[in-house]
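Enquirer: Numbering-wise (my numbering), the sequence shown opens with residue 7 and increments by one.
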Amino acid sequence: MDEPRTPSIVPPEGLTIRVNCRTAPRGKPTVHDVTVDADGRLTTPHDLDLERIGVALGGHLTCVELADHDLPAAWGLLEHTLRTRPADVVNVGTAHWAALAPAAGCGCEEETWPTAAQAAEHLRSPGHWAKAWRSSPARLAATVEALGFTVPAGGTNPLPRSAAEGLLAEPDAADRLWAAGVPFALVPELCRQLSPTGIPIPTHVVVAHLYAPREWAVLEKFVPHGPVVLAWAAQHRTPRDARRPDERLAWVEAGVPLATIDRVFAGDAYDLVHAKAYASETGVDVPRAATVLGRWQESGTTPAVRDLVELYRHDPHAALDPRCAPAPGAVARTVGLAAKRGLAVDTVTAALALARHGTAPDAVAHLSATRTPTIHLEVPR
Ligand SMILES: [Zn+2]
């Protein structure tokens, strides 16, 4: 996906600043101009490559320090505080956001943050940038000032809340983007690409697109299914999604309703192959089969598909009914009643009997009639 350009920190023609250039840290300065171009590159009257050799041999030159340390540090800090490009933040796991390029000796070498906004906030700290480019807080501040800014303390969102209206779903979306360090200039085009019909999308989708390449690689595949499905996929991430990234999409592509997928994903009992097996054994379509599995998953009792197929063969109408899966309380009563009659049954057996016979007493009566109590004989080969 193409990324639109964001404005630079300095004007397109570059910015000329005056430097007190020294060949020793406390030496007498020579005053001259340098130019910073829109990409943050420095042009000086020196041959910097040659001067770098001198510095490597123990020499000193203000312009080498500026070009290789102080300017890139100030540039990184300003890009992040002014939100001229997406923050150097990356998602490294569920609720773990990290610095894309941790700075040696900085907290971000070890630390991750629960939100993209918190990780982005770290990247708006002068300390991080001073360490990242081996500058110093004082030289960093002086360079930021030379570029025409003061070291920003947080900064407030210049955009009104209405800026994201019609693009993003949440009323405070403009503030969420600002906190996550997302340049607003990117947002209208991004929303247009992610939601071609113009339905507002959750801010999280934009943040995932920019900062969570692994998550985005999954979410991107939902784009052709439209913004409603995309938003749903972004908002319904579960541990099951993390383990099997492409499974949710497969359910969508099988035509299973979103609410049914949510029911199935509340647990781990049923895969799409189970829905297909139920469908092929019963002749109902896959979405219908998934609905049955979703109801059983939601009930908390999850029989094997072959047992659910048996229920269907017994009474197709009841097997497809919205109340096909007995509630946990009713299952517990059936287990209890069976125990009173000296019959040990597990919850799945009790639930299946209940589904077939309707009431706990009928289920237990049927169980006692059909079950040989407790003794299992091994048949010798
Ligand atoms: Zn850091």
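Every residue gets a Cβ at the ideal spot worked out from N, C-alpha and C, and that includes glycine.
Since the model is a prediction, treat every value here as computed from it, not as a measurement.
I'd like to check one pair, Trp119 with Ala79: are the Cβ atoms closer than 9 Å?
Expert: Reading the sequence shown from its first residue, position 73 is the one you call residue 79. Reading the sequence shown from its first residue, position 113 is the one you call residue 119. No, the Cβ-Cβ distance between Ala79 and Trp119 is not below 9 Å.
Enquirer: Take every Cβ of the stretch 231 to 241, pair it with every Cβ of the stretch 198 to 215, and state whether three or more of those distances are shorter than 8 Å.
Expert: yes
Enquirer: Helix, strand or coil for His102? Go by DSSP, reduced to three states.
Expert: Translated into positions along the sequence shown, residue 102 becomes position 96. His102: strand per DSSP, three-state reduction.
Enquirer: Give, in chain order, every unbroken run of the alpha helix (DSSP H) that is at least 4 residues long and sits entirely within the stretch 163 to 232.
Expert: 179 to 185, 193 to 200, 209 to 217, 219 to 225
Enquirer: Only counting the same chain, and skipping five residues up and downstream in sequence, which positions put a Cβ closer than 8 Å to that of Asp45?
Expert: Within the sequence shown, residue 45 is the residue found at index 39, counting from 1. Counting only Cβ-Cβ distances below 8 Å, and skipping sequence neighbours, we find Ser14.
Enquirer: Does Ile59 pass the burial test, meaning 16 or more other C-beta atoms within 10 Å, or should it be called exposed?
Expert: The count along the sequence shown starts at 1 and reaches residue 59 at position 53. Its Cβ having fewer than 16 others within 10 Å, Ile59 is exposed.
Enquirer: Taking the continuous alpha helix (DSSP H) assigned at Asp55, which residues delimit it?
Expert: Residue 55 sits at position 49 when you count from the first residue of the sequence shown. Unbroken alpha helix (DSSP H) run through Asp55: 54 to 62.
Enquirer: Quick one: is the Cβ of His86 within less than 8 Å of any heavy atom of ligand 1?
Expert: Against the sequence shown, residue 86 aligns to sequence position 80. Because no heavy atom of ligand 1 lies under 8 Å away, the Cβ of His86 does not count as near it: no.
Enquirer: Do the stretch 79 to 90 and the stretch 181 to 193 touch if we need at least three Cβ pairs shorter than 8 Å?
Expert: Inter-segment contact for the stretch 79 to 90 and the stretch 181 to 193 is present: three or more beta-carbon pairs are separated by less than 8 Å.
Enquirer: Output the residue ranges of the beta strand (DSSP E) runs that lie fully inside the stretch 249 to 335 and measure 3 residues or longer, sorted by chain position.
Expert: none
Enquirer: Report yes if the C-beta of Ser131 is less than 8 Å from at least one heavy atom of ligand 1; otherwise report no.
Expert: One-based indexing of the sequence shown puts residue 131 at position 125. For ligand 1, at least one heavy atom lies less than 8 Å from the Cβ of Ser131.
Enquirer: To the nearest angstrom, how far is the alpha carbon of Met7 from that of Gln199?
Expert: Counting from 1 along the sequence shown, the entry for residue 7 is found at position 1. Counting from 1 along the sequence shown, the entry for residue 199 is found at position 193. With a pLDDT of 42 at Met7, under the threshold of 50, the predicted position of this residue should be treated as unreliable, though the coordinate-derived value follows. Here the alpha carbon of Met7 sits roughly 8 Å from the alpha carbon of Gln199.
Enquirer: Ordered along the chain, which non-local residues of its own chain (more than five positions away) have a Cβ less than 6 Å from that of Leu165?
Expert: What you label residue 165 is simply residue 159 of the sequence shown in a count that begins at 1. Closer than 6 Å at the Cβ level, and outside the excluded window around Leu165, lie Ala180, Phe190.
Enquirer: With DSSP collapsed to three states, give me the class of Glu384.
Expert: Locating residue 384 in the sequence shown gives position 378, where the first residue counts as 1. At Glu384 the pLDDT is 48, less than 50, meaning the model places this residue with poor confidence and gives no usable figure here.
Enquirer: Quick check: does the Cβ of His128 come within less than 8 Å of any heavy atom belonging to ligand 1?
Expert: Here residue 128 refers to the residue found at position 122 when the sequence shown is read from its first residue. Yes - ligand 1 has a heavy atom lying nearer than 8 Å to the Cβ of His128.
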